[in-house]
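Participant: Before I ask anything, let me first share the structure, which is written out below as structure tokens.
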Amino acid sequence: MKEVYLNGDFLPEIEAKVSVFDRGFLLGDGVYEVIPVYDGRSFQLRGHLERLQSSLDGVRMKNPLTNAEWQAMIEQLIERNDGGNQSLYLQVTRGAAPRDHLFPQGVTPTIFAMSNLLHPVEEKYKKHGIAAITLPDIRWHNCNIKAITLLPNSLLKQQALEAGAQEALLIRDGYLTEGATSNAYVVINGTIYTSPKDEKVLPGITREVVIALAAKSGIPLLEQGVTLSDLKHADEVWVSSSTKEVLPVTLLDGNKVGSGIPGPVWQQIDVLYQHYKKDVATWH
Ligand SMILES: Cc1ncc(COP(=O)(O)O)c(C=O)c1O
């Protein structure tokens, strides 16, 4: 039986209960993180904890734990769920209080963490790429906050699935922002473009790794938005996230991207990413 963490305790998942008055349940008032674990070790933990802090700041919640406390809890949770490869989910909500839009005073936040199996990235997607469709970015104006309020993302992802695609690429004011569950990249004439870090995109941890790897290996990368037309004529399109790593998009709105197979710049980044994952796992 899997164990979860809830408000200071580790317990079997079936025994974990939260109040129906929790503001996460009633108002979607909370933030979260998803952290991959390889061979029992969390990947890019510092980046995830920094982003958690920034999400908490964004919704005006105090961080209930220090980074050392988060780390100790995470290490225990990994161990209690048998190490190996996991996908850790952390969530902090403002806590349980009579339903009101205004923030309650003196309420204890709800801290929850669980571990799920981290499924390996499907080989067929790495070999042939994924399909994506473009959709209007219907989300709010604080996409840099990793809020649990994911209804727009869920609607967009479902729409992509129903169109036979694996991801939705989102367009706001004529520009590509990111995917419904990923950051997005476009390669034009050998240069990688990805949206700048602002309130229109989530500052992805995988995105940071991609940027660092590109810089280290001299692959030109610009944190600059691209238009829908640039996207449609790009040589390569990719998406990235902690659990899916970096995946090539080879079919966009039913049309081939470039030559319709994963491109050379993606291949290069993927090799670097896989090496980096191994290196970090050994010294982390
Ligand atoms: C909207 C959105 N953008 C980007 C990402 C990628 O972020 P990360 O690389 O930190 O997983 C995610 C991950 O779930 C996401 O939901």
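The numbers in numbering that gives the first Met the number 0 rise by one with no breaks, and the one at position 252 of the sequence shown is 251. Here a beta-carbon is modelled for each residue, glycine too, at the ideal position from N, C-alpha and C.
What is the residue span of the beta strand (DSSP E) that residue 237 lies within?
Facilitator: 235-240
Participant: Taking Cβ positions, are residue 61 and residue 142 nearer each other than 8 Å?
Facilitator: Cβ distance not < 8 Å, so residue 61 and residue 142 don't count as in contact.
Participant: Starting from the N-terminal side, write out each stretch of the beta strand (DSSP E) that is 3 residues or longer and does not extend beyond the segment 102-185.
Facilitator: 109-116, 129-135, 166-171 and 174-178, all fully within the segment 102-185.
Participant: Are the segment 185-203 and the segment 149-158 touching by the rule of at least three beta carbon pairs closer than 8 Å?
Facilitator: no
Participant: Should residue 141 be listed as close to ligand 1, given that the test is whether its C-beta is under 7 Å from any heavy atom?
Facilitator: In this structure, residue 141 has its CB at a distance of at least 7 Å from all heavy atoms of ligand 1.
Participant: When DSSP builds the beta bridges, which residues end up paired with residue 2?
Facilitator: 11
Participant: Based on DSSP bridge pairs, tell me the residues matched to residue 36.
Facilitator: Beta-bridge pairing links residue 36 to 41 and 85.
Participant: Could you tell me the boundaries of the alpha helix (DSSP H) in which residue 78 lies?
Facilitator: 66-79
Participant: Which runs of the beta strand (DSSP E) at least 3 residues long sit entirely within the segment 205-233? Give them in chain order.
Facilitator: 220-222
Participant: Assuming residue 201 is part of the alpha helix (DSSP H), what are its boundary residues?
Facilitator: Element bounds for residue 201: n/a, residue is neither H nor E.
Participant: Could you spell out where the alpha helix (DSSP H) holding residue 22 opens and where it closes?
Facilitator: Start and end: 22-26.
Participant: Determine, using beta carbons only, whether residue 136 and residue 109 come nearer to each other than 8 Å.
Facilitator: no
Participant: To the nearest angstrom, report how far apart residue 313 and residue 262 are at their CA atoms.
Facilitator: For the chain, the structure presents residues 0 to 283; residue 313 sits outside this window and is missing.
Participant: What's the C-alpha gap between residue 159 and residue 201?
Facilitator: 19 Å
Participant: Going by DSSP, name the residue or residues bridged to residue 268.
Facilitator: The partner list for residue 268 (beta bridge, DSSP) is empty, contrary to what the question assumes.
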